[in-house]
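A.B. asks: Heads up: the sequence lines are chains A and B, in that order.
Residues in the first sequence are numbered consecutively from 6, following the numbering used here.
Residues in the second sequence are numbered consecutively from 30, following the numbering used here.
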Amino acid sequence: MYILGIETSCDETAAAVVKDGAVVLSNVVSSQIELHRKWGGIVPEIASRAHMENIMPVLHEALSASGKRLSDMGAIAVTVGPGLIGALLVGVSAAKALAYSAHIPLVGVNHIEGHMGAALLEAPDISMPFVMLVVSGGHTHLYYVRGFRDYEKLGQTRDDAAGEAYDKVAKLMGLPYPGGPVIDRIAGEYVSAPVNGVPKFPRAYLEAGSLDFSFSGLKTAVLNYVRGRDMSDETVGLVCREFQDAAVEVLVKKSVQAMRNKDAGILVAAGGVASNSALRSALLDASRENDFRLVIPRPGFCTDNAAMVAASGYRLFKLGAASGLDLNPQANLPMEKMKAGG
Amino acid sequence: MKVLGLDTSTTMGAVGIVEDDTLIAEMRTNISLTHSERLMEHIDTLLKSARLTLDDIGGFAVSIGPGSFTGLRIGLAAVKAMAYASGKPVAAVNSLDALADNLPYCRHQIAPVLDARKKMVYCAIYKAVDTSRRTVLPPTVITPDKLADIIEEPTVFVGEGAYVYRDLLGERLCCQAFFAPKAYGYPSGAAVAFRGLKEITAGNTSDPMTLVPFYIRKSDAEEK
């Protein structure tokens, strides 16, 4: 069965055709990074307008590149939230009209379920339950996934998302948006450089046993260090490294704690920040030390795309999920609140 | 040819089906549900009520604005996708043009006015000349005060924006300002469909790949 996936929750307009939830026939992503760079972050109205311009060309390209026609699709899977409401509305409105026109079933997919789909594309053999770390510009969550639409939230950020912290720290050092890839690259160049006076930044573990996260203290510590200081390239590099070390250490330790709490054998890491090289290698080390299986999608599947939405949409459709013509996206849509039937 | 027209530029969700000079079916709701929740259900209900399917529709017409950015995007995304899926033509209609159609054969000039927030209005001024209409003021976004400055003759205001600024316009223009009943203040799906039918017949169709709303205004970020 072919699934057409559509994703417009943030700043990527994406469409993809995936066969049987596993074989990616096409995966088109139109990024708006350049549009938002001059604002230092995503401007919702600009994002919505760009989605409007891109949605049909992206859909058309995804269908053409797959070699399939719209009428060949067994279902259309679309991201319904969480995300920017104006952005989500473009994808959902187009998805509903396509489904109605071509008499194809429609499945609304939670954006985090989408990220989980990326792991299923990467390792189709993995079985639930597993622990999932979701890290992106908008999310930092730990979930225990028993099955589709059976999610237990173990922890989440109490302030900034991990990716958001990267963006903010990059911004206050004058580095371009988005901050994640830039800091990752620069930190990599200074990975074994001497500390040269740059302090270790604080790790927020919160109260004992908590699986919640907090990154605002880390961001403030960086801000206090950087403020008024003459920032040489070396200092920027060392701050990037120390910031990244602090962020990654907490993400990994809490993930390992969640694995222990749930006596789980598989850790899935997903979301845009899961493409971060330091996080990937630290998680890999942790999986070896603690003897669990780690599944991280390849970087291109970590960042927002529609193949991941189609992959989850396929499984949800097989489980009977179906959405009606009144399907309405929501900016705040916790994954654990998704209803079993769609 | 049957044309399906829709307007989501205001809080009113409007869909209509016309053929030649005949109105076949029309539906409008002004309720608290979003356009996203209403639009496709309305289209489905309308088609079923008229004992039609989407296959019977020969073309689409859509209000491209000005109006609510989000509302316009919901309507346009739907029409673009339906036109793409069916290969049928789509015509773009100005929402203020469609709104002015609510007052045919008006002796005075007509000013359709929508609330653009931030103390401004989307508006235009049209004057009936024989069987057609002359544009006195093309669609624009201005303050209601500026709109009053422009007006020098009796004018019928129509649209929700006219009611938001009724006191101001009435005071400024005194006996030259007339206000169409509030219920006339929303575009109808049929008006959009009739306009679209005319455009499609004349070959003035839009490419569903590239069609975007007529926002008039830039985003807030870009305005600053």
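The C-beta atom is built at its ideal place from N, Cα and C for all residues, glycine as well.
Computed from a predicted model, the values in this text were never measured in an experiment.
#1: Using the DSSP secondary-structure output, state which residues sit across from A:Asn-32 in a beta bridge.
#2: By DSSP's criteria, B:Gln-138 is part of a beta bridge. Which residues make up the other side?
#3: Residues of chain A with CB under 8 Å from B:Ala-107, in chain order?
#4: Does DSSP put A:Ala-209 in a helix, in a strand, or in coil?
#5: Anything in chain A within Cβ reach of B:Ser-235, meaning under 8 Å, just list it in chain order.
#6: Would B:Leu-33 and B:Met-111 be called neighbours here (beta carbons separated by less than 9 Å)?
#7: Please classify A:His-146 as buried or exposed, where buried requires at least 16 other C-beta atoms within 10 Å of its C-beta.
#8: Can you give me the C-alpha to C-alpha distance between A:Glu-254 and A:Ala-315, rounded to a whole angstrom?
#9: Quick check on A:Arg-74: does DSSP put it in helix, strand or coil?
#10: Taking only the alpha-carbon atoms, compute the straight-line gap between A:Ala-283 and B:Leu-176 and give it to the nearest angstrom.
#11: So, is the C-beta of A:Arg-42 closer than 9 Å to a C-beta in chain B?
#12: Which chain A residues sit within Cβ distance under 7 Å of B:Ser-115?
#13: Assign B:Thr-99 to buried or exposed, taking buried as 16 or more other Cβ atoms, counted over all protein chains shown, within 10 Å of its Cβ.
#14: Taking C-beta pairs closer than 8 Å, name the residues in chain B that A:Ile-47 reaches, listed in chain order.
#15: Using a Cβ-Cβ cutoff of 9 Å, what residues of the stretch 51-65 of chain A are near chain B? List them in chain order.
#16: Could you please tell me which residues of the stretch 77-94 of chain B, in chain order, have their CB closer than 7 Å to any CB of chain A?
#17: From the DSSP output, which residues share a beta bridge with A:Tyr-148?
#18: Since B:Thr-99 meets chain A, which of its residues come closer than 7 Å, beta carbon to beta carbon?
#19: Looking at chain B, is there any beta carbon in it that lies within less than 9 Å of the beta carbon of A:Leu-9?
#20: Any idea what DSSP makes of B:Ile-60, helix, strand or coil?
#21: At the level of alpha carbons, what is the spacing between A:Glu-66 and A:Val-33?
#22: Within 8 Å, do at least three Cβ pairs link the stretch 188-195 of chain A to the stretch 302-318 of chain A?
#23: Residues of chain B with a CB under 8 Å from the CB of A:Pro-334: which are they?
#24: Given that a residue counts as buried once 16 or more other Cβ atoms are within 10 Å of its Cβ, and exposed if not, what is B:Pro-210?
#25: Quick one: measure Cβ to Cβ for A:Cys-15 and A:Asp-309, integer angstroms, because I've assumed they're closer than 8 Å.
#26: Beta carbon of A:Ile-8, beta carbon of A:Val-23: below 9 Å?
#27: Quick check: the Cα distance between B:Ser-235 and B:Pro-118, rounded to an integer number of angstroms?
#28: Give me the subset of the stretch 67-81 of chain A whose CB atoms are less than 8 Å from a CB atom of chain D, sorted by chain position.
#29: Listed from N- to C-terminal order along the chain, which residues in the stretch 311-333 of chain A have their beta-carbon within a distance smaller than 7 Å of any beta-carbon of chain B?
#30: Is there a Cβ from chain A that is less than 9 Å from the Cβ of B:Asp-36?
#31: Going along chain A in order, which residues have a C-beta closer than 9 Å to the C-beta of B:Ser-248?
#32: Going by the beta-carbon positions, is the gap between A:Ile-60 and A:Thr-18 smaller than 9 Å?
#33: Closest by CA to A:Val-29, which one among A:Ala-70, A:Trp-44 and A:Glu-39?
#34: Using the three-state DSSP reduction, which class does A:Gly-329 fall into: helix, strand or coil?
#35: For B:His-71, count neighbouring Cβ atoms within 10 angstroms of its own Cβ and tell me buried if that reaches 16, exposed if not.
#36: Where B:Val-170 and A:Gly-179 are concerned, what is the direct C-alpha to C-alpha distance, given to the nearest angstrom?
C.D. replies: The answer reads as follows:
#1: The residue labelled residue 32 of chain A in the question sits at position 27 within the first sequence. Per DSSP, A:Ala-21.
#2: As a first step, residue 138 of chain B must be located in the second sequence, where it is residue number 109. According to DSSP, which records beta bridges pairwise, B:Gln-138 is partnered with B:Thr-184.
#3: As a working note, residue 107 of chain B is residue 78 in the second sequence. Within 8 Å Cβ-Cβ: Ser-98, Ala-99, Lys-101 and Ala-102.
#4: Along the first sequence, one-based indexing puts residue 209 of chain A at 204. If DSSP states are grouped into helix, strand and coil, A:Ala-209 belongs with coil.
#5: As a first step, residue 235 of chain B is located in the second sequence; it is residue number 206 there, counting from the start. None at all; the shortest Cβ gap to chain A is about 12 Å.
#6: Within the second sequence, numbered from 1, the residue matching residue 33 of chain B stands at position 4. Within the second sequence, numbered from 1, the residue matching residue 111 of chain B stands at position 82. Contact: yes.
#7: Taking the first sequence and counting its residues from 1, the one referred to as residue 146 of chain A is at position 141. Flag for A:His-146 reads buried.
#8: Indexing the first sequence from 1 puts residue 254 of chain A at position 249. Indexing the first sequence from 1 puts residue 315 of chain A at position 310. Approximately 32 Å between the Cα atoms of the pair.
#9: As a position in the first sequence, residue 74 of chain A is number 69, starting the count at 1. Looking at A:Arg-74 - three-state DSSP - the assignment turns out to be coil, as it is neither helix nor strand.
#10: Here residue 283 of chain A corresponds to residue number 278 of the first sequence, with the count starting at 1. Here residue 176 of chain B corresponds to residue number 147 of the second sequence, with the count starting at 1. Cα to Cα, A:Ala-283 sits roughly 59 Å from B:Leu-176.
#11: Taking the first sequence and counting its residues from 1, one reaches residue 42 of chain A at position 37. Taking Cβ atoms only, chain B never reaches closer than 9 Å to A:Arg-42, which makes this a no.
#12: What you label residue 115 of chain B is simply residue 86 of the second sequence in a count that begins at 1. Chain A residues near B:Ser-115: Ser-106.
#13: Here residue 99 of chain B corresponds to residue number 70 of the second sequence, with the count starting at 1. With 16 or more neighbouring CB atoms inside 10 Å of its own CB, B:Thr-99 falls in the buried class.
#14: Start at 1 with the first residue of the first sequence, and residue 47 of chain A comes out as number 42. What A:Ile-47 touches in chain B, judged by beta-carbon distance under 8 Å, is nothing: the nearest beta carbon there is about 10 Å away.
#15: If the cut-off is 9 Å between Cβ atoms, the stretch 51-65 of chain A has Ile-51, Ser-53, Arg-54, His-56, Met-57, Glu-58, Ile-60, Met-61, Pro-62, Leu-64 and His-65 near chain B.
#16: Leu-83
#17: Within the first sequence, numbered from 1, the residue matching residue 148 of chain A stands at position 143. Paired residues: A:Met-137 and A:Lys-158.
#18: Your numbering for residue 99 of chain B matches position 70 in the second sequence. Within chain A, the residues near B:Thr-99 are Gly-91 and Leu-94.
#19: By 1-based counting over the first sequence, the position of residue 9 of chain A is 4. It does not; no Cβ of chain B falls within 9 Å.
#20: Along the second sequence, read from residue 1 onward, the residue named residue 60 of chain B stands at position 31. Coil.
#21: Counted from its first residue, the first sequence places residue 66 of chain A at position 61. Counted from its first residue, the first sequence places residue 33 of chain A at position 28. About 7 Å.
#22: no
#23: For this step, residue 334 of chain A is matched to residue 329 along the first sequence. By Cβ distance, chain B contributes Ser-65.
#24: Here residue 210 of chain B refers to the residue found at position 181 of the second sequence. Counting Cβ neighbours within 10 Å, B:Pro-210 comes out exposed, since fewer than 16 surround it.
#25: Locating residue 15 of chain A in the first sequence gives position 10, counting from the first residue. Locating residue 309 of chain A in the first sequence gives position 304, counting from the first residue. That pair is a contact at about 6 Å.
#26: Reading the first sequence from its first residue, position 3 is the one you call residue 8 of chain A. Reading the first sequence from its first residue, position 18 is the one you call residue 23 of chain A. Taking 9 Å as the Cβ cut-off, A:Ile-8 and A:Val-23 qualify as a contacting pair.
#27: By 1-based counting over the second sequence, the position of residue 235 of chain B is 206. By 1-based counting over the second sequence, the position of residue 118 of chain B is 89. Rounded to whole angstroms, the separation of the alpha carbons of B:Pro-118 and B:Ser-235 is 7 Å.
#28: Judged by its chain identifiers, the structure shown contains no chain D, and its protein chains are A and B.
#29: Leu-330, Asp-331 and Asn-333
#30: As a position in the second sequence, residue 36 of chain B is number 7, starting the count at 1. Not one chain A Cβ lies under 9 Å of B:Asp-36.
#31: As a first step, residue 248 of chain B must be located in the second sequence, where it is residue number 219. Result: Val-48, Pro-49, Glu-50, Ile-51, Ser-53 and Arg-54.
#32: Along the first sequence, read from residue 1 onward, the residue named residue 60 of chain A stands at position 55. Along the first sequence, read from residue 1 onward, the residue named residue 18 of chain A stands at position 13. A contact, by the Cβ cut-off of 9 Å.
#33: One-based indexing of the first sequence puts residue 29 of chain A at position 24. When each option's Cα is compared against that of A:Val-29, the closest is A:Ala-70.
#34: The count along the first sequence starts at 1 and reaches residue 329 of chain A at position 324. A:Gly-329: coil per DSSP, three-state reduction.
#35: Sequence index remark: in the second sequence, residue 71 of chain B carries index 42 (1-based). Answer is buried; the Cβ neighbour count reaches 16.
#36: Position 141 of the second sequence, counted from the start, is the residue given in the question as residue 170 of chain B. Position 174 of the first sequence, counted from the start, is the residue given in the question as residue 179 of chain A. Using only the alpha carbons, I get a separation of about 37 Å.
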